[in-house]
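Protein chains in written order, with this note's numbering: chain A, 0 to 65; chain B, 74 to 610.
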Amino acid sequence: MATQDRKTTGTHPVEEEETEAVTPPAAETEASAETEGVDDLLDEIDGVLESNAEEFVRGFIQKGGQ
Amino acid sequence: MTVRRVMGTETEYGVLAPSLPSANATVLSSQIINAYAATLRTGAGNLSGTRWDYTDEAPLNDARGFAVPRAAADPTQLTDEPPVLDAEQIAMEGSGPAALYGEQTQDNPVLMNMVLGNGARLYVDHAHPEYSSPEVTRPRDAVLWDKAGDAVVLAAMRHITRMPGFAPVNLYKNNTDNKGVSYGSHENYLVPRSVPFGALVSGLVPFFVSRQVIAGSGRVGIGTNNQRQGFQLSQRADFFETEVGLETTIRRPIINTRDEPHAVAEKYRRLHVIIGDANLSEVSALLKIGTTSLVLSMIEAGTAPAVELRDPVGALQAISHDPSLEQLVELTDGRMVTGLDLQEIYFEAAAAHSRAGGGTDADTEDILARWSALLGTLKRDPLEAAASVDWVAKLKLLQAYRERDGLAWSDARLHLVDLQYSDMRPEKGLYYRLAARGQMERVLTDEEIVRAVSSPPDDTRAYFRGNCLKRFPKEVIGASWDSIIFELPSRRRLQRIPTREPLRGTRALTEELFNASADAEDFVTRLLTGSDAAVAP
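1. Using beta carbons (cut-off 7 Å, strictly below), is B:PRO94 in contact with chain A?
2. Hey, B:ILE323 and B:PHE281: beta-carbon distance below 7 Å or not?
3. Run down chain A in chain order and give the residues with a C-beta less than 8 Å from the C-beta of B:ILE347.
4. Entirely within the stretch 300-366 of chain B and at least 3 residues each: give me those beta strand (DSSP E) ranges in chain order.
5. So if I threshold CB-CB distances at 8 Å, which residues from the stretch 348-359 of chain B count as touching chain A?
6. At which residues does the alpha helix (DSSP H) containing B:ASN540 begin and terminate?
7. Of the residues B:CYS541, B:GLN493, B:PRO241, B:THR364, which one's Cα is nearest the Cα of B:ARG506?
8. At a CB-CB cut-off below 9 Å, which residues of chain A make contact with B:THR149?
9. Mind checking B:ARG453: buried by the 16 CB within 10 Å criterion, or exposed?
10. Using three-state DSSP, classify B:ALA108 as helix, strand or coil.
11. Rank B:PRO142, B:PRO610, B:PRO132, B:LYS220 by C-alpha distance to the C-alpha of B:GLU154 and give the top, closest one.
12. Could you tell me whether the Cβ atoms of B:ARG249 and B:SER258 are closer together than 7 Å?
13. Note the first and the last residue of the continuous beta strand (DSSP E) segment covering B:SER495.
14. Give the straight-line distance between the Cα atoms of B:SER283 and B:ALA473, rounded to the nearest whole angstrom.
15. Grouping DSSP H, G and I as helix and E and B as strand, with all else coil, what is A:SER50?
16. Can you name the start and end residues of the alpha helix (DSSP H) that B:SER461 belongs to?
17. Would B:GLY539 pass as a contact of B:PRO546 if the rule is Cβ separation under 7 Å?
18. Beta-carbon within less than 6 Å of B:GLU373's beta-carbon, same chain only, minus the 5 sequence neighbours each way: which residues are those?
19. For B:ASN251 and B:ASP605, what's the separation of their Cα atoms in angstroms?
20. Give me, in chain order, the residues of the same chain whose beta-carbon lies closer than 8 Å to that of B:GLN302; leave out the 5 immediate sequence neighbours on both sides.
21. Determine which residues share a DSSP beta bridge with B:GLU203 and list them.
22. Quick one, which residues of the stretch 250-261 of chain B are near chain A if we go by CB-CB under 8 Å, in chain order?
23. B:GLY32 lies in the beta strand (DSSP E); which residues open and close that run?
24. To the nearest angstrom, how far is the alpha carbon of B:VAL549 from that of B:THR583?
25. Does the beta carbon of B:GLU85 sit closer than 7 Å to a beta carbon anywhere in chain A?
26. Compute the Euclidean distance between the alpha carbons of B:VAL380 and B:THR210, then round it to the nearest angstrom.
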């Protein structure tokens, strides 16, 4: 569902017919757009993750709760 | 049949000050409470209702008809005793938490509890900050006021970061540190006392064992101490050891028997659900609460499906450990079913029950439609549910990392993705990053959440509580779920207003009283005498 949302934004419905003729079949476009989206997402998350994963995860120690 | 009933949620947040590795968790938790108080002080001038009224608390009463003696209880079960921080603990962390909003004096002690203008409670529970939402009647409102709690603690975290001399405190809306410790995200549902407790147990156990399929938050690591590599559906599943019991911190039971209704005890029971994961996804949270309320309606009407698991705790863990959702578990009649099958059995029963009742309200239709659609999606391909289910969103992200970087499940970066999914800071929390990219389906708007931070729900006693705190901050000196305590110059004794009927004290009943009252004296007088006594909670 999210992938569809992303693709519909920015693609004007009117342009759809003309672009279809020059682009590869839908399945391939979908797959490559998906890959591109994932790469982009991972790039963003690389920049957000705490810098020393091992140390950070080891330091996350909680006391008991309910 | 309806999803509507009096209910609420409780979230214990994981707490960490990365630059103070050995910080006392209770002190860090109290910093959150005091920092939030500081953000309110900026505008409000006075803090009200900071004292919790423990009069009606009874954490050792068991729904099976007995009470555990205090001496026999685990100290963590005594939740009716206010926590205290001693000077030594505070000194260890440098500036005391009360310094977050001024000098620490006798009149300005470290706050361990607050009752908020939206009707919620924010307090230190053991070694975690906890937000308990106000009572609501609609599942969507339960999600809304639960999310308001995330906004409350975020405001507190931001305040601490701005204060010189304080190390930043991070909060995580998860349920385990992956080192043997778990902390809860609880739900509360009001049910009529007339429903036999045994019917609740038999009707709910197979449902709770399988509910993680639609509402688990996902976890990297198997076993309470992360003994085995891998991914599982639930944060909490490995921490449950028994089917029914009173404890919440040790020997955790699938069905908790604490009988502390916080309401008229002869009429109501409060079902205290401790088995859920803390959800970030609004859809997961909505379905977790909505479907549970529906199953309770079926139990009340005697139409819950008759399924019984041979080994509920084993089934809970086996289902959690298989993200392909193909794991079979055994029923007492010998049938082998998956977690999805169990959910379908419950859904079919709820749909039939609703049809037989001749239609339902819009909230119930919404839950039934979402539940049915999600089960269909999960059956086709679990990964297609990434936009609405936390465990799937998390798994999809983890799989992408594994594919790109060839990581084993034991890799620290995957554990970090798991942890950081629940980071409450929108710029750091991976749930929030996914949501910002439009990859998580929303149920609420950000504007609604902001409003719910300071406004109570209209349709329960939380409206009365929240508005008392907002209108009379000087005179309200204490509160609890079922009371508000006023201190008035004209009266020698404190005036305790009981609020034991959760469906009174609503906007419809008390808005005029609030509008007509000139001040707190007038308000209490009208409530206790005069013609307005009829609307008293």
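Every residue, glycine too, gets a C-beta built ideally from N, C-alpha and C. Remember, it's a predicted structure, so these values are computed and weren't measured experimentally.
Quick answer:
1. Here residue 94 of chain B refers to the residue found at position 21 of the second sequence. Taking Cβ atoms only, chain A reaches closer than 7 Å to B:PRO94, which makes this a yes.
2. Reading the second sequence from its first residue, position 250 is the one you call residue 323 of chain B. Reading the second sequence from its first residue, position 208 is the one you call residue 281 of chain B. For B:ILE323 and B:PHE281, no; Cβs fall outside 7 Å.
3. Translated into positions along the second sequence, residue 347 of chain B becomes position 274. Those are GLN65, listed as they occur along chain A.
4. 301-305, 313-318, 325-329, 341-346
5. none
6. Taking the second sequence and counting its residues from 1, the one referred to as residue 540 of chain B is at position 467. 535-544 is the span of the alpha helix (DSSP H), which, as asked, contains B:ASN540.
7. By 1-based counting over the second sequence, the position of residue 506 of chain B is 433. Selected option, being the one with the closest Cα: B:GLN493.
8. In the second sequence, residue 149 of chain B corresponds to position 76, counting from 1. In chain order: GLY63, GLY64, GLN65.
9. Within the second sequence, numbered from 1, the residue matching residue 453 of chain B stands at position 380. Exposed.
10. Mapped onto the second sequence, residue 108 of chain B falls at position 35. DSSP places B:ALA108 in helix when its eight states are reduced to three.
11. Residue 154 of chain B sits at position 81 when you count from the first residue of the second sequence. If we check each option's Cα against that of B:GLU154, B:PRO132 comes out closest.
12. Sequence index remark: in the second sequence, residue 249 of chain B carries index 176 (1-based). Sequence index remark: in the second sequence, residue 258 of chain B carries index 185 (1-based). Inspection of the sequence shows that residue 249 of chain B is occupied by Thr rather than by Arg. No, the pair does not count as a contact, with Cβ atoms beyond the cut-off.
13. For the purposes of this step, residue 495 of chain B is taken as the residue at position 422 of the second sequence. Segment: none, B:SER495 is in no beta strand (DSSP E) and carries neither H nor E.
14. Mapped onto the second sequence, residue 283 of chain B falls at position 210. Mapped onto the second sequence, residue 473 of chain B falls at position 400. Distance between the alpha carbons of B:SER283 and B:ALA473: 26 Å.
15. Here residue 50 of chain A refers to the residue found at position 51 when the first sequence is read from its first residue. Three-state DSSP puts A:SER50 in coil, outside helix and strand.
16. Taking the second sequence and counting its residues from 1, the one referred to as residue 461 of chain B is at position 388. B:SER461 -> no alpha helix (DSSP H), and no H or E assigned at all.
17. As a working mapping, residue 539 of chain B is identified with position 466 in the second sequence. As a working mapping, residue 546 of chain B is identified with position 473 in the second sequence. The answer is no: Cβ separation not under 7 Å.
18. Against the second sequence, residue 373 of chain B aligns to sequence position 300. Same-chain partners within the cutoff: VAL268.
19. To locate residue 251 of chain B, count along the second sequence from 1; it is residue 178. To locate residue 605 of chain B, count along the second sequence from 1; it is residue 532. Rounded to the nearest angstrom, the two C-alpha atoms are 54 Å apart.
20. The residue given as residue 302 of chain B occupies position 229 in the second sequence. The answer, listed in chain order, is GLY294, ILE295, ALA481, TRP482, SER483.
21. Taking the first residue of the second sequence as 1, we reach residue 203 of chain B at position 130. B:GLU203 is bridged to B:GLU85, B:TYR196.
22. ASP250, ASN251, LYS252, VAL254, SER255, TYR256, GLY257, HIS259
23. In this structure chain B extends from 74 to 610, so residue 32 of chain B is not present and cannot be described.
24. Here residue 549 of chain B is taken as the residue at index 476 of the second sequence, counted from 1. Here residue 583 of chain B is taken as the residue at index 510 of the second sequence, counted from 1. Distance between the alpha carbons of B:VAL549 and B:THR583 is about 17 Å.
25. Counting from 1 along the second sequence, the entry for residue 85 of chain B is found at position 12. B:GLU85 counts as touching chain A.
26. Residue numbering aside, residue 380 of chain B sits at position 307 when the second sequence is read from its first letter. Residue numbering aside, residue 210 of chain B sits at position 137 when the second sequence is read from its first letter. Going from the Cα of B:VAL380 to the Cα of B:THR210 covers about 28 Å.
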